[in-house]
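When you read off a place in the sequence shown, starting at 1, and then add 290, the result is the number in our numbering. All residues carry an ideal CB built from backbone N, CA and C; glycine is no exception. A short worksheet on the structure shown next.
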Amino acid sequence: MSFPEGFLWGGAVAANQVEGAWKEGGKGPSVADVATYKPKVDVKDYKAHVGISLEAIEKAMADTDDTYYPKRRGIDFYHHYKEDLELMAKMGFKVFRLSIAWSRIFPTGEEKEPNEEGLAFYEDVFKEMKKLGIEPLVTLSHYEMPLNLATKYNGWTDRRVVDYFVRFSKVCFERFGKYVKYWLNFNEVDSIIRHSFITAGIIPELCGEKGELACCYQALHHQLVAAGIVANMLHEMLPDAWMGCMLTKLMTFPRTCAPLDVAATQKKNLENMFYADVQVFGEYPRMILRDLEKRGFTIKMEPGDLEILRTGTVDFVSFSYYMSMTESVDPNAERTPGNTVLGVKNPYLASSDWGWQIDPVGLRISLIELYDRYKKPLFIVENGVGAKDVVEEDGSIHDPYRIDYFRSHFKEMEKAIDEGVDLMGYTSWAPIDLISASTNQMSKRYGFIYVDQDDMGNGTLKRSCKDSYYWYQKVIATNGADMD
Ligand code: BG6
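Next comes the structure, spelled out in structure tokens:
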């Protein structure tokens, strides 16, 4: 058993969770800049963390400080990117996944011309990566649309946002096409149902009588159409480039073998995969359309939309995988948090400090299931564990729990590859500590590289290497042969 030659080992981040510099370089405010750190709210109450209202946005925008708005400061990658990329290159990275903050390029989303300073920033980043021999993997949309598009149009519910996104993508392809081969359209496209504001700029009170969920399905359709247009555009403009979709793989197992638990689980898994189904097969699954119809949701489509979906399919399938969960029809079954979901607890699994259930075998099952279903190259673009790290007096950070997590997942990846799965690469989430997407905490640490900053933004921002840094360096150097 071994990883294929040329396997793309690396790590992944998102602009809004690392860059900071929210008002520099001509950047406009994004939905991430109003995301609020809520120290008094239980981290397991994810709905309270990701919820939004017009009042909260107004309050946030009146506050120019970043203490309670950690994504405004990130880990200051904007000014540290050379140092950070160098640390990643020393770890042996072959690939680094990052996103382009839309509001750095089009500050309100509506400008006719892009912001040159924003373009120049990313161009410098890509040049630096090229110098270091690191292949970029670029997400076009990762929870950071211009705030103006959210407040003015209720985000992706409005069809006009498709055009704005296509304009943004075109500029990215024109300017960065010579550096970037691998692109992703929407990060965790399915997450719109779990956090509609972060993913799609939807403000529930603007949804009116039809309600938030109806807005979500309409916005999702617009994102899927945009993804189709953008895939076709990429293939035309840059024939050697590859477009991928990105799914949160929320692997769900039946809590028991009771047929009703199995049926409920099947429904959950089909729902989870339908977002990728559309982007791979080029059409909505019939059973999903039927389900939407039965629940009273009507998606407004324009002439030509189905043709766009049919032709604008993706070249590879990427996904995040952190945990698994179970499902049961028993209303009293104990639920536990996962990646902004609540699933039924699995008695066979341990959990992270944040309650996410750790399941390496679930990753193997996911890989086999996705490859069997899509028959496209797969890319794991997020996987990792948020944990509390302790800095010893001598500055060292011992994180055996992180090494155990990764080792156990890599072993299962290897088994899936051995069974015939075509896995292109793996980017850990995240190679460097960053701001949590859901809770806006800094103390939920994912990195191999420690960043000296606390939840309130205190700290020197000094980077230091945890034990896991040297372990991952060895794994990459041996292409997975030495995981001890
Ligand atoms: C994924 C997101 O769902 O999970 C990332 O794409 C996010 O942006 C990651 O950071 C981990 O979630 P959290 O809430 O612990 O940051």
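Item                                                                                                                                                                   : Value
Look up Met536 in the DSSP assignment and give the residues it is bridged to.                                                                                          : Ser608
Tyr664: which of Tyr638, Asp712, Val634 and Pro650 sits nearest, CA to CA?                                                                                             : Asp712
What residue does the alpha helix (DSSP H) around Leu503 start on, and which one ends it?                                                                              : Glu502 to Met527
Report the partner residues of Phe386 according to the DSSP bridge assignment.                                                                                         : Gly301 and Pro426
Taking C-alpha atoms, which residue in Phe476, Ala379 and Leu344 lies nearest to Thr441?                                                                               : Leu344
For the putative contact between Met703 and Leu660, defined by C-beta atoms under 8 Å, what is the C-beta separation to the nearest angstrom?                          : Rounded, the Cβ-Cβ distance is 12 Å, inconsistent with contact.
With a threshold of 8 Å, are at least 3 pairs of Cβ atoms found where one atom belongs to the region 457-474 and the other to the region 508-523?                      : yes
List in chain order: all unbroken alpha helix (DSSP H) runs of 4+ residues lying wholly within the region 443-494.                                                     : 450-466 and 486-490
So, do the region 364-371 and the region 301-315 have three or more beta carbon pairs nearer to each other than 8 Å?                                                   : yes
Flag this pair as touching only if the region 325-344 and the region 679-687 have three or more C-beta atom pairs under 8 Å; answer yes or no.                         : no
So what does DSSP say about Val671, is it helix, strand or coil?                                                                                                       : strand
Go through the region 560-619 residue by residue and report every complete run of the beta strand (DSSP E) that reaches 3 residues or more, in order.                  : 606-610 and 614-617
Taking DSSP's pairing of strands, which residues face Ala677 in a bridge?                                                                                              : Arg735
Excluding sequence positions up to five away, which residues of its chain have a Cβ less than 8 Å from the Cβ of Asp772?                                               : Lys764 and Val765
Can Ser292 and Gly770 be called in contact, C-beta distance under 9 Å?                                                                                                 : yes
Just to confirm my understanding: we take Arg484, look at its own chain, exclude 5 residues before and 5 after, and list those with CB closer than 7 Å. What are they? : Thr630 and Val631
Which two residues bound the contiguous beta strand (DSSP E) that contains Tyr716?                                                                                     : Leu713 to Trp719
Write down the C-beta distance between Ile655 and Tyr695 rounded to the nearest angstrom, noting that I regard them as a contact closer than 8 Å.                      : With a Cβ gap of about 17 Å, Ile655 and Tyr695 do not count as contacting.
Check the DSSP bridge columns for Cys755 and list the partner residues they point to.                                                                                  : Ile739
For the candidate residues Trp719, Leu528 and Lys678, whose alpha-carbon lies nearest to that of Phe466?                                                               : Leu528
Identify which residue in Cys505, Phe416 and Val651 has its Cα closest to the Cα of Ala706.                                                                            : Val651
Give the range of the alpha helix (DSSP H) segment to which Pro650 is assigned.                                                                                        : Pro650 to Tyr664
Under 8 Å, with one C-beta from each stretch per pair, do the region 500-515 and the region 578-594 reach the 3-pair mark?                                             : yes
Over the uninterrupted beta strand (DSSP E) stretch that includes Phe543, give me the two end residues.                                                                : Met541 to Pro544
Of all the options His525, Pro319 and Gln513, which has the alpha carbon lying nearest to the alpha carbon of Arg362?                                                  : Pro319
What is the rounded straight-line gap between the Cα of Asp595 and the Cα of Val515?                                                                                   : 6 Å
Just verifying my parser: in three-state terms, what is the DSSP assignment at Thr626?                                                                                 : strand
Closest to Asp745 by CA distance: which of Pro294, Asp356, Ser389 and Ala350 is it?                                                                                    : Asp356
Give me the residue from Ala322, Glu314, Glu295 and Lys380 with the minimum Cα distance to Trp761.                                                                     : Lys380
What's the C-alpha gap between Leu298 and Val671?                                                                                                                      : 10 Å
Is the separation between the beta-carbon of Thr429 and that of Ala304 shorter than 9 Å?                                                                               : yes
Distance, Cα to Cα, Asp414 vs Phe455?                                                                                                                                  : 23 Å
Looking only at its chain, what residues have a beta carbon closer than 7 Å to the beta carbon of Pro404, apart from the 5 residues adjacent to it on each side?       : Ile395, Phe396 and Val461
Would you call the region 323-340 in contact with the region 749-760, where contact means no fewer than 3 C-beta pairs closer than 8 Å?                                : no
Taking Leu632 as part of the beta strand (DSSP E), name the residues at either end of that continuous run.                                                             : Leu632 to Val634
Closest to Ala767 by C-alpha separation, out of Met378, Tyr327 and Tyr691, would be which residue?                                                                     : Met378
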